[in-house]
Amino acid sequence: GAGVSQSPSNKVTEKGKDVELRCDPISGHTALYWYRQSLGQGLEFLIYFQGNSAPDKSGLPSDRFSAERTGGSVSTLTIQRTQQEDSAVYLCASSSAAGPSPLHFGNGTRLTVT
Amino acid sequence: GNSVTQMEGPVTLSEEAFLTINCTYTATGYPSLFWYVQYPGEGLQLLLKATKADDKGSNKGFEATYRKETTSFHLEKGSVQVSDSAVYFCALSPSTGGGNKLTFGTGTQLKVEL
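Protein sequences appear in the order of chains A and B. All letters in the first sequence, in the order written, are residues 1 to 114 by my numbering. All letters in the second sequence, in the order written, are residues 1001 to 1114 by my numbering.
Here it is, written out as structure tokens:
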């Protein structure tokens, strides 16, 4: 596709359930990033992939959060035992190199935990 | 650690008014600096960037100059339009390591009225 694609666009889940969020980066982009945007706050870095490896996982809030990337392409962010404070917009971005090249963002997945 | 501080919004202006959105940063070395924009209902997109001191980034009539001495990257536009209404994010990318991991400010909402 032409841009970064994220699915689902909206997800409502009950507290305690697990959720999976998917990101399809721009074809050929080696770097992939997950961010979280909470109401009234800026974008919070979660994790960064270069290829299939994650050199920086420092932003994952707890061990309930994990992410993987396969084939140097699609990435999945998994949140286990969701809590209400996990409600946010989860943004994925990709870039063509690990250096200071622009990030291309998807439209995000709005997660609501009830 | 790295941080970005930008003026709080919302900023409300009349069409054709002059715009300044302040942004200052804290970082070691010489980071790259960015402004991203999020139009209503859309994903974040790069507006402009500057990769070294005294560089001026410009796009769509917006400008920002990388000021090392004041650690600032203020966004300016001489004459705003209604279509500029959006949320603007200042961000930095570290000079070494960290891939292209961006640290974002909290965003400034701009509303332009006729």
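Glycine residues also receive a C-beta, built at the ideal position from the N, C-alpha and C atoms. Remember, predicted model here, so these are calculated numbers, not experimental data.
Asked: Based on Cα-Cα distance, which residue from 1019(B), 1053(B), 1009(B) lies nearest to residue 1092(B)?; Found: 1053(B)
Asked: Please confirm if residue 9(A) has its CB atom under 8 Å from at least one CB of chain B.; Found: no
Asked: Could you pull the start and end residues of the beta strand (DSSP E) that residue 1056(B) belongs to?; Found: 1056–1059
Asked: I need the DSSP call for residue 63(A), collapsed to helix, strand or coil.; Found: coil
Asked: So what's residue 84(A) in DSSP terms, helix, strand or just coil?; Found: helix
Asked: Would you call the region 88–97 of chain A and the region 20–30 of chain A touching, i.e. three or more CB-CB distances under 8 Å?; Found: yes
Asked: Helix, strand or coil for residue 56(A) per DSSP?; Found: strand
Asked: State the start and end residues of the unbroken beta strand (DSSP E) segment that holds residue 1102(B).; Found: Neither: residue 1102(B) is in no beta strand (DSSP E) and is coded neither H nor E.
Asked: Which stretch, first to last residue, makes up the beta strand (DSSP E) that contains residue 113(A)?; Found: 109–113
Asked: By the three-class DSSP mapping on this structure, what secondary structure does residue 18(A) have?; Found: coil
Asked: Pull up the distance between the alpha-carbon of residue 3(A) and that of residue 1018(B), whole angstroms please.; Found: 33 Å
Asked: What residue from 1001(B), 1011(B), 1020(B) has the CA that sits closest to residue 1064(B)'s CA?; Found: 1020(B)
Asked: Which chain A residues sit within Cβ distance under 9 Å of residue 1107(B)?; Found: 37, 41, 42, 43
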